[in-house]
Amino acid sequence: MALASPGRLHAAAVRAHRTEFVARTLLRAASAFVVFAIVALIVYLASEGTKLFTHDHVSPLLFLFSPTFNPDANAPGSLVFIVGSLAITLFAILVGGPFGIAVGVFLSELAPRGVVAAMKPAIEVLVGIPSVVYGWIGLTLLVPLIRTVTGSNGFGLLAAGVVLSVMILPTVITLSEDALRAVPGSLREGSLAMGATRWQTIWNVLLPAAGSGLTVALILGIARAIGETMAVQLVIGNAAVLPSGLLSPAAALPTEIVMDMSGAQQGSLLSHALFSMALLLLLIAMALILAVRFALRKRM
Amino acid sequence: MSEATLSLEAVRARSARGVRARRAADRLATGLLWTAAISVVLLLAFFVGYIFYLGVGAISWQFLTAPPSEVSAGGGIGPEIYNSFYILILTLIFTAPIAISAGIYLQEYAKPGAFRSLVQFSAESLATVPSIVMGLFGLLVFVYYFGWHFSALGGALTLTILNLPALMRVSQEALASVPSTLREASMALGATKWTTITRAVLPSAVGPLTTGIVLIAGRIFGETAALIYTAGVSVAAGKGAYDLSPFRPAETLAVHVWYTHAESVVPDVARIGNGSALVLLAMVLLFNVGARIVGRFLTIRFTGKA
Amino acid sequence: MRKTAGIAALFVAGALVAPFVALADSSINITGSTAMLPLVKEAAATYQAKHPDVKIAVSGTGSGTGITQVAAKSVDIGDSDILAAGQSALVDHKVAVTGFAVVAHPGVGVTNLTKKQLQDIFSGKTQSWKEVGGADVKVTVINRPRNSGTRSVFTKTIMGDVPLTASGLTEDQTGSVVATVKTTPGSISYAAFAGARNQGLTEMKIDGVAPTEDNVMSGKYPVWSYEHMFTNGPPTPDVARFIEYVSGSADLVRKAGFIVVHDMKVSETDR
């Protein structure tokens, strides 16, 4: 009996296509699950988070724009937390972002193989340090340092911003490096063949070519920064007032949530306000992602 | 003749200036990039050194294996180490299939369009959810609604949702690093897309995939906020602490670090807190090194190149 | 192909059965106050050693969550530092007493403050320690979160109607309060005896009364409150036995830094 008889081949092909169909369905299901997860989360947050407006009759304008956070007087204005969160995230991405991309460029373009092999595990270790430890080191070393240098009490936006910058470094570095490595060598060679220096190649050819990957690096950096709680909580001071500068104690959305959630009874105005803040946090983050994608799409 | 901009000497001079300027810029940039890299290394060395300095005094066999003590000195972190690994493995068991599948779908199958953008956007949004919010979600769903109370399984599932975006991203990057020629050759031989992926693409992507999983494992080790609300802050007493069942409270080492810094009243709280932090770091290091070795072995085995 | 389907089916079946398996054993689920954790966790450990058939799961999700969850019958015991206002179904079991000390950075130069001085400092009126006879250092107030039991005791017993300043720092757990006060010159806060002792901080005398267990027991020192274990309705025999064990283990209570309820010569109804 011929092994490659038409009957057998046909049967094998049918089997292969059935497997293909099942596989595709399973993969699609897995992807759908991701959508399901975020939708479930949003539904959960929205149902709890809108109770503040529907149940407790607090005006959304007050919630978003009032600088006084006073849940006992039915006036939970969250502007102070919104400003705090945006401020430290901006700081982290403006300081940690370029720094991280720079090191990513270094690893991908400049470093000899030995150095790369040594540095990569080192960066991965940075990821493994738990946020509590970052926060603790921030509290015991960074805050006194800021205090000595500036004379303020050390807690505030600057301390939180610095801690966050360090925390997003590994993410930004690794993703930037991957993005740059994915750029085909032919682009590099073409640029150098035209007489460009290495830096010119990097700046004018490689970085734009790696644009989408770098965008992702920044987005995930922002994602990490905006949601970070434990470390920020220990150094930001948690004063529910509008920050007047980098050195004034402030508060952020996630730190406020974690501060007061344990004391809030389910169904109380405070609890609803905190869920509204959680929903707001998610929405702000999603908006930031869209903004970065849009801005960088134009550039490319 | 003035300003004969096209005279040979002028062009040469200009060109020479330009070249010097570009070379200077190149050198400056190189210097700055090296500085950035060295700063990161120094930063890391400092962190590790400091954590080591604070915690090395606490390390002993007794510390690593004994159960924790609430009120007297001399407690250990044995059960917490066990729980850290337990929850890590359980989380990866759930996260890997879903995330890698979704990554494969997005990278290999999905045509640009509504569904693809939706999945991508969902993943990125999921990545921004702070772990505390995820912990509250897990509390509601796994601890109360499902009735599992504080359990390792609840913690693992919560961490799964938390880490899906990261592992998806890792899978996509790993798959993208495989040259398209491989896929084309496989298809040309008559293989279906799925066969191509499982037999040709995935094996080549094993290296970067493993590295990515290591990064994520590091984050899982250090996770606190989500676990406090789902896996709990306690361990069962005695032998029960090393239970294989996922339906029991499971305080991990990272949660223990938080707990000792936050509320613990034992007389040697600083020793325990710092020692735990050091052990956590050491575990992450060991895991990194081990996974690299495995990753390299797998890459050689599946692709035949080092 | 068939293998995959089989594994998938097993997984689904397992997931469906799982919740019932978890409920099958007799277990006591406790959540709530993090301040009570050392006591409750240790009691759970020693109790389980004596009664191996009982499983006790403890977590620290905060007093408010503890009250909510026991009211929703999701846990058996809700630990709390504060009273459960508006929860008529809950039964209060007072298992211990906590004293709270006013702690300050050792460099402030003062060891005794009157109630009025404390009110002025914590409301933000007093800006420098010089004004109360101390060093020339700026006052930095460190508060606890809004619904914290510690904060509510402090407001009830010391502040009265005077509001706490909104521009101070806020720290959540005892540990971070202590660390912050230790390293921030001019700082002042309030913390439970258990966490504040022997940390190198100045423990303030209030109107000349030192923050000691004896002074709390005699009623001379005003800043104290009960630690509550709430149950939804009367507790089951298992739960009741454990609660009695906690409040009755005088040794354990003292070692965890609390005061035994029976030793109190005064009692209050508002905390």
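Residue numbers (my numbering), protein chains in the order written: chain A, 1 to 300; chain B, 1 to 306; chain C, 1 to 271. Glycine included, C-beta positions come from ideal geometry on N, C-alpha and C.
Beta-carbon spacing of residue i, residue j below 7 Å
i, j, result
"VAL132 (chain C)", "VAL103 (chain C)", "no"
"ALA251 (chain A)", "PHE81 (chain A)", "yes"
"LEU169 (chain C)", "PRO249 (chain A)", "yes"
"ILE98 (chain B)", "LEU278 (chain B)", "no"
"GLY78 (chain C)", "PHE193 (chain C)", "no"
"ARG225 (chain B)", "GLY154 (chain B)", "According to the sequence displayed, residue 225 (chain B) carries Ala and not Arg. Contact: no."
"VAL181 (chain C)", "LEU201 (chain C)", "yes"
"ALA102 (chain A)", "LEU33 (chain B)", "yes"
"ARG188 (chain A)", "THR201 (chain A)", "yes"
"ASP72 (chain A)", "HIS272 (chain A)", "no"
"GLU251 (chain B)", "GLU80 (chain B)", "yes"
"ALA159 (chain A)", "LEU142 (chain A)", "yes"
"VAL95 (chain C)", "ILE259 (chain C)", "no"
Range of the contiguous beta strand (DSSP E) that encloses residue i
i, result
"PHE230 (chain C)", "224 to 232"
"PHE100 (chain C)", "90 to 104"
"ASP136 (chain C)", "Run containing ASP136 (chain C): none; DSSP gives neither H nor E here."
"ALA96 (chain B)", "First-last for ALA96 (chain B): 78 to 104, but that is the alpha helix (DSSP H), not the beta strand (DSSP E)."
"THR31 (chain C)", "27 to 32"
"SER262 (chain A)", "SER262 (chain A) -> no beta strand (DSSP E), and no H or E assigned at all."
"SER267 (chain C)", "Neither: SER267 (chain C) is in no beta strand (DSSP E) and is coded neither H nor E."
"SER59 (chain C)", "55 to 59"
Integer-rounded CB distance, given that residue j should sit under 8 Å from residue i
i, j, result
"LEU280 (chain A)", "SER78 (chain A)", "7 Å"
"SER165 (chain A)", "GLY96 (chain A)", "4 Å"
"GLY328 (chain A)", "VAL129 (chain B)", "Not covered by the structure: residue 328 (chain A). The range shown for chain A is 1 to 300."
"GLY125 (chain A)", "LEU44 (chain B)", "For the sequence presented, residue 125 (chain A) should be read as Val rather than Gly. So it is a contact: roughly 6 Å between Cβ atoms."
"VAL255 (chain B)", "VAL289 (chain B)", "About 24 Å; that fails the 8 Å criterion."
"LEU126 (chain B)", "LEU159 (chain B)", "Actually they do not touch by this definition, with Cβ atoms about 13 Å apart."
"GLY107 (chain C)", "THR140 (chain C)", "That belief does not hold up - the Cβ atoms of GLY107 (chain C) and THR140 (chain C) are roughly 12 Å apart, past 8 Å."
"TYR90 (chain B)", "ALA156 (chain B)", "With the sequence shown as reference, residue 90 (chain B) is identified as Leu, and Tyr is not the correct amino acid for it. Sure, about 4 Å apart at Cβ, within 8 Å."
Other residues of its chain near residue i: CB distance less than 7 Å, five sequence neighbours each side excluded
i, result
"GLU184 (chain B)", "none"
"THR211 (chain B)", "GLY295"
"SER152 (chain C)", "ILE82"
"THR68 (chain A)", "ALA75 and GLY77"
"THR150 (chain A)", "LEU247"
"THR299 (chain B)", "VAL206 and GLY207"
"GLN87 (chain C)", "ILE67 and ALA71"
"PHE294 (chain A)", "none"
"ALA43 (chain C)", "TYR245, VAL246, SER249 and LEU252"
"VAL162 (chain A)", "LEU142"
"SER72 (chain B)", "VAL266"
Segment limits, alpha helix (DSSP H) that includes residue i
i, result
"LEU64 (chain A)", "60 to 65"
"ILE77 (chain C)", "ILE77 (chain C) -> not in any alpha helix (DSSP H); beta strand (DSSP E) instead, spanning 77 to 80."
"GLY186 (chain C)", "No alpha helix (DSSP H) contains GLY186 (chain C), which DSSP labels as neither H nor E."
"GLY109 (chain C)", "Unbroken run through GLY109 (chain C): none, as it is neither H nor E."
"ILE88 (chain A)", "79 to 105"
"LYS255 (chain C)", "250 to 255"
"ALA114 (chain B)", "114 to 128"
Chain-order list of residues whose beta-carbon lies under 8 Å from that of residue i (same chain, five-residue window excluded)
i, result
"PHE302 (chain B)", "PRO203, SER204 and VAL206"
"LEU106 (chain B)", "ARG116, VAL119, GLN120, MET168 and GLN172"
"VAL83 (chain A)", "LEU242, PRO243 and ALA250"
"ILE293 (chain B)", "none"
"ILE197 (chain B)", "ILE104 and GLU108"
"VAL48 (chain B)", "LEU281"
"TRP258 (chain B)", "THR224 and ILE228"
Same chain, Cβ closer than 6 Å to residue i, five either side skipped, listed in chain order
i, result
"ARG17 (chain B)", "none"
"ILE38 (chain A)", "none"
"THR171 (chain A)", "LEU220, GLY221 and ARG224"
"ASP120 (chain C)", "THR126"
Residue i CB to nearest heavy atom of the ligand MG below 6 Å
i, result
"LEU9 (chain A)", "This structure lacks the ligand MG, and indeed carries no ligand of any kind."
Legend entry - Selection of the stretch 245 to 261 of chain A by Cβ proximity to chain C, strictly under 8 Å: PRO249, ALA251, VAL258, MET259, ASP260 and MET261
Inset, instruction - Could you run through the stretch 249 to 267 of chain C and flag, in chain order, every residue whose CB is less than 8 Å away from some CB of chain B? - result: Correct list: LEU252, LYS255, ALA256 and GLY257.
Inset, instruction - Quick one: which residues of the stretch 203 to 233 of chain B get their C-beta closer than 7 Å to a C-beta of chain A? List them in chain order. - result: VAL214, LEU215, GLY218, ARG219, PHE221, GLY222, THR224 and ALA225
Legend entry - Residues from the stretch 224 to 247 of chain A in contact with chain C, defined by Cβ distance under 8 Å: GLN233, LEU234, GLY237, ASN238, ALA239, ALA240 and VAL241
Legend entry - Near-chain F residues of the stretch 259 to 280 of chain B - C-beta to any C-beta below 9 Å: No chain F is present in this structure, whose protein chains are A, B and C.
Legend entry - Members of the stretch 147 to 166 of chain B that neighbour chain C once the beta carbon cut-off is set at 9 Å: GLY147, TRP148, HIS149, PHE150, SER151 and LEU153
Legend entry - Near-chain C residues of the stretch 68 to 94 of chain B (beta-carbon distance less than 9 Å), N- to C-terminal order: For the stretch 68 to 94 of chain B, the set of residues with a beta-carbon nearer than 9 Å to any beta-carbon of chain C comprises PRO68, SER69, GLU70, VAL71 and SER72, in chain order.
Inset, instruction - Using a Cβ-Cβ cut-off of less than 9 Å, list which residues of the stretch 59 to 92 of chain C approach chain B; keep chain order. - result: SER59, GLY60, THR61, THR65, GLN69, ALA72, SER74 and VAL75
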